[in-house]
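Here the structure is laid out as structure tokens; the discussion comes afterwards.
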Amino acid sequence: MKLLILAAGYATRLYPLTLNQPKPLLPVAGKPLVDHVIDKFDACSEIDEIFVVTNDKFAGHFENWAAQKGPQPGRRIRIFNDRTKSDQDKLGAIGDIHFVMEQAKLDDDLIIVAGDNLFSGNLHHYVRVAKEKGVLIGVYDVKNLQEIKKYNNLTLDPQGRITHFEEKPKEPKSTITAIALYHYPKSALPLIRQYIAEGNNPDQPGRLVQWLYPRLPIYTYLIQGQWLDIGSRETYDEANKLFANFVDS
């Protein structure tokens, strides 16, 4: 099983913090944001490689970060440079997923997580459930019908299978949103390749979920505790306060 961390964005909304530093390497409570993400999978012996996909501007930053981390017991870190140089020529999240699949000649189960998403709880149980369910999407209850309009919205059957998915809904049907945490078993990889081959929008990984759920069963996993998508200075400051409390406790 491979873990892919999406880190190829340019984070222009966080300028000047991210003008010369990739968002996933910004410090949160004393260590890089991406380290908090990886820590959540520490006890997952199934993961034997960590892939980080980034861009030409920040590839050197991640190479230095990986060198400083040194060898990781039972797994290795590989940095993939998608060769884009600006927000205007980026591949998009789905494009980057496909890029890594092809570069790595991937034929294995794949967990994908955004490098700017923070979780207060561990994700060991998510990995165990993913092995049983197949395609498994992390979801979070924002508990606010107005707040959900900024994200995506979905409805589920009693087994937790997606029955409806909509990006940035004007009239949301629930307060549940899919977040940037995905498990795709190797049997689903040909569909990702098909999605790209057909010329579908390569940005926003939720679009892939929206395209996939009528084609195969997609199940959900409700994330407990706190979840933060670091997209602004406000959420970055909130993350520092929140995770400092976890460290202190």
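Just so you know, we're using the numbering used here here: the sequence shown kicks off at 206 and counts up by one.
Cβ atoms here follow ideal geometry from the backbone N, Cα and C, with glycine treated the same way.
Pairwise C-alpha distance: residue j and residue i
i	j	result
Y418	P237	34 Å
A213	N286	8 Å
Y400	P407	9 Å
S454	A383	Its pLDDT being 38, under 50, S454 is placed unreliably by the model, and the measurement read from it follows with that caveat. Cα to Cα, the separation comes out at about 29 Å.
G300	L341	20 Å
E265	L427	Position check: residue 265 holds Gly in this sequence, whereas Glu was assumed. Roughly 35 Å between the two C-alpha positions.
K446	I367	34 Å
P221	W270	21 Å
I435	S325	14 Å
E372	Q277	37 Å
Limits of the unbroken alpha helix (DSSP H) element including residue i
i	result
V457	The question about residue 457 has no answer here: the residues shown for the chain are numbered 206 through 454.
K274	264-274
P410	410-417
Cβ-Cβ distance between residue i and residue j below 8 Å
i	j	result
I381	V344	yes
T425	L361	yes
H148	A385	In this structure the chain extends from 206 to 454, so residue 148 is not present and cannot be described.
D253	M206	yes
I316	H388	yes
V318	V242	yes
L211	V258	yes
E251	V332	yes
P229	G297	no
Closest Cα partner of residue i within the set the options
i	options	result
F448	M206, D294, P232	P232
Q415	I397, Y331, V305, F370	F370
R398	K310, I284, R218, F267	K310
D261	Q364, L359, D292	D292
G275	I435, K290, I255, F263	I255
Start and end residues, beta strand (DSSP E) containing residue i
i	result
G343	341-346
A319	315-319
K207	207-211
I381	381-389
T427	The sequence shown places Leu at residue 427, rather than the Thr named in the question. First-last of the beta strand (DSSP E) with L427: 424-427.
Cross-strand partners of residue i (DSSP beta bridge)
i	result
P232	P237
W432	F324
E371	N358
Y220	DSSP output for Y220 lists no bridge partner at all.
I255	L208, I282
Q277	R280
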